[in-house]
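Participant:
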Amino acid sequence: MQFFSDAAKNPDILKLIYTPRFTNNFNAIDNIRKHDNIDSLLLNIKQILKKYPSVKIELHTQIHPFKMYSDVLRAIPTNRLFHVYVYDDGSEDYVNFYINKKTGRQKEVLKASDEAWQKFFSGESNLIGHRNMIAKYLPVTHYMLRPDYLDHSDMKIVKDAMTQNNAQIKKIDFDNLRMQLSELEKKRYFKYIGFNYKKIKKILCQSSNFSFVFTGSAVYDDPQRAQKFVEEQINMIKNVIQPEGILHKYLNGKTYDFFLKLHPHGGDSNKKTKNAFPDFPNIPNFIGYEALIVSGLIPDRTGGFLSSLYFNLPKEKIAFLVASVDKTEWDDPLVQVMIELGIIRESSIYFLSDLKLLN
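Written out as structure tokens, the structure reads:
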């Protein structure tokens with residue numbers, strides 16, 4: 281969590297940024313103060329608000345951190361909170377949206393979330409409602425990978441809840457960002473996230489062949505499931521690249537170099553996958569696919585397990601996707617969300633049971 285001031289634009293606004301993936305490259309931003317723990321941050325918030333009565337806080341955060349939301353929002357009086365920017369860069373909410381509409385629980389879930397926020401802001405409880413449902417109580421702007429999912433008629437009730445009090449929903453569009461940012465702004469962005477353009481270009485452009493990247497996923501809350509998943513991941517890649525594998529129909533007879541882009545939090549799963557494919561150059565795990573898009577170093581084709589990284593990838597760059605469920609589970613929420621969003625055709629989605637036929 282970091283504070284930084286933007287005094288040139290507005291000396292009375294202090295920006296509070298939550299960036300859990302990038303913790304070391306703070307010198308890319310001017311006037312920044314880093315906090316390694318929540319207690320230090322909360323103390324600093326209270327000191328600042330007391331010392332500078334005119335200062336207001338502008339909060340920028342990913343959607344995922346429950347405790348951070350609760351603690352920070354409790355520390356900042358609502359009349360001192362200038363604006364909240366919520367960035368949803370994952371697939372979890374889309375899956376929940378899908379489940380709630382399919383089970384007819386949209387109204388029930390929205391009501392429960394609103395009641396939780398009411399109790400939170402009245403001081404009755406420290407439990408919070410859904411992080412995307414605070415527009416009734418705070419000035420907020422939502423950033424989503426695919427806000428068009430809320431344009432479906434069966435999602436109107438959710439969109440209405442998110443846009444109360446003129447709250448806005450905007451698209452996280454990395455390709456547009458690539459065109460909008462100046463070279464200096466890109467340089468600062470790459471420095472902040474630790475992206476070495478020359479190094480990544482050298483990895484991806486080591487030959488005149490086309491580039492194909494296998495994207496990895498990970499399981500981090502269940503050791504047994506994590507072990508099974510990495511075996512499935514390795515098996516998936518081995519299956520698709522063999523002569524009779526599904527990959528070849530997407531290569532159109534062209535020669536490709538294969539690369540790995542594994543999960544930022546894959547840990548031991550990443551090591552095992554790399555060891556299984558020692559000849560595949562590895563794009564550093566901490567590098568998000570969005571950085572490849574912004575840099576213009578986007579690979580020619582990409583494939584792997586279903587993931588939110590495909591939400592913002594040009595369709596022509598996606599070869600195939602694999603669902604880590606059995607083929608009988610066509611109603612898997614993430615599978616259906618990606619089909620509804622038009623990310624990929626049904627014919628290019630495979631299941632582990634499809635690949636096992638090649639063993």
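In this note's numbering, the protein residues as written are 281 to 639. From the three backbone atoms N, C-alpha and C, an ideal C-beta is built for every residue, glycine too.
Here's a check: name, in chain order, each residue in its chain whose Cβ is nearer than 7 Å to the Cβ of Ile293, leaving out the five neighbours to either side.
Facilitator: Cβ within range, chain order: Asp286, Lys336, Glu338, Phe362.
Participant: Let me check understanding here. Comparing Cα to Cα, which of Leu540, Ile598, Leu577 lies closest to Ser497?
Facilitator: Here the closest residue by C-alpha is Leu540.
Participant: Which residues in the same chain have their Cβ closer than 6 Å to the Cβ of Phe509, if we skip the five residues on either side of it in sequence?
Facilitator: The residues are Val499.
Participant: What first and last residue would you give for the alpha helix (DSSP H) that runs through Tyr469?
Facilitator: Element bounds for Tyr469: 463-473.
Participant: Between which two residues does the alpha helix (DSSP H) containing Ile521 stretch?
Facilitator: 503-521 is the extent of the alpha helix (DSSP H) around Ile521.
Participant: If Ser491 and Asp559 are in contact, beta carbons under 8 Å, what's the gap, nearest whole angstrom?
Facilitator: In fact, because the Cβ distance is near 14 Å, the residues do not count as touching under 8 Å.
Participant: Report the residue from His410, Glu404, Val574, Ser402 whose alpha carbon sits nearest the alpha carbon of Pro345.
Facilitator: Of the candidates His410, Glu404, Val574, Ser402, the one whose C-alpha sits nearest the C-alpha of Pro345 is His410.
Participant: Excluding the 5 residues preceding and the 5 following Lys534 in the sequence, name in chain order all residues of the same chain whose CB lies nearer than 6 Å to its CB.
Facilitator: Excluding sequence neighbours, Lys534 sits near Phe490.
Participant: How long is the line joining the alpha carbons of Asn380 and Tyr365, rounded to whole angstroms?
Facilitator: Cα-Cα distance, rounded: 24 Å.
Participant: Quick check: what's the CA-CA separation for Leu390 versus Leu614?
Facilitator: In a straight line, the C-alpha of Leu390 is about 21 Å away from that of Leu614.
Participant: Which residue from Phe400, Asp428, Ile567, Glu404 puts its Cα closest to that of Lys416?
Facilitator: Lys416 has its Cα closest to that of Phe400, out of Phe400, Asp428, Ile567, Glu404.
Participant: Please specify which runs of the beta strand (DSSP E), each continuous and at least 3 residues long, are wholly inside the segment 397-422, giving them in chain order.
Facilitator: Entirely contained in the segment 397-422, not one beta strand (DSSP E) run reaches 3 residues.
Participant: Name the DSSP beta bridge partners of Met424, please?
Facilitator: Answer is Asp368, Lys451, bridged to Met424.
Participant: Can you look up His545 in the DSSP assignment and give me helix, strand or coil?
Facilitator: It is coil, neither helix nor strand.
Participant: Name the residue from Lys518, Gly583, Ile567 whose alpha carbon lies nearest to the alpha carbon of Asn555.
Facilitator: It is Lys518.
Participant: Measuring only the C-alpha atoms, how far is Leu593 from Met413?
Facilitator: Taking the straight line joining both Cα atoms gives about 27 Å.
Participant: Starting from Gln342, trace the beta strand (DSSP E) both ways and give me its first and last residue.
Facilitator: 336-342 is the span of the beta strand (DSSP E), which, as asked, contains Gln342.
Participant: Taking the alpha-carbon positions, what's the Ser575 to Ser628 distance?
Facilitator: Roughly 27 Å separates the two Cα atoms.
Participant: Should Gly583 and Phe557 be called a contact, given that it needs their Cβ atoms to be closer than 7 Å?
Facilitator: No, the pair does not count as a contact, with Cβ atoms beyond the cut-off.
Participant: Give the straight-line distance between the Cα atoms of Leu621 and Tyr374, rounded to the nearest whole angstrom.
Facilitator: Each residue's Cα considered, the two are about 10 Å apart.
Participant: Taking the Cβ atom as the reference point for each residue, do Lys439 and Leu430 lie within a distance shorter than 7 Å?
Facilitator: Yes, Cβ-Cβ distance for Lys439 and Leu430 is below 7 Å.
Participant: So what's Ala599 in DSSP terms, helix, strand or just coil?
Facilitator: Correct three-state label for Ala599: strand.
Participant: Please classify Pro579 as buried or exposed, where buried requires at least 16 neighbouring CB atoms within 10 angstroms.
Facilitator: By the 10 Å Cβ count, Pro579 comes out buried.
Participant: If you follow the beta strand (DSSP E) that Arg581 is part of, which residue opens it and which one closes it?
Facilitator: Run containing Arg581: 581-585, per the beta strand (DSSP E) assignment.
Participant: By how many angstroms is the C-alpha of Ser488 removed from the C-alpha of Lys227?
Facilitator: Only positions 281 to 639 of the chain appear in this structure, which leaves residue 227 out of reach.
Participant: By the three-class DSSP mapping on this structure, what secondary structure does Ile309 have?
Facilitator: Since pLDDT at Ile309 reaches only 48, below the 50 mark, its modelled position is unreliable, and the value read off the structure follows with that caveat. Residue state, collapsed to three classes: coil.
Participant: In three-state terms, what does DSSP make of Val493?
Facilitator: Reduced to three states, the DSSP call for Val493 is strand.
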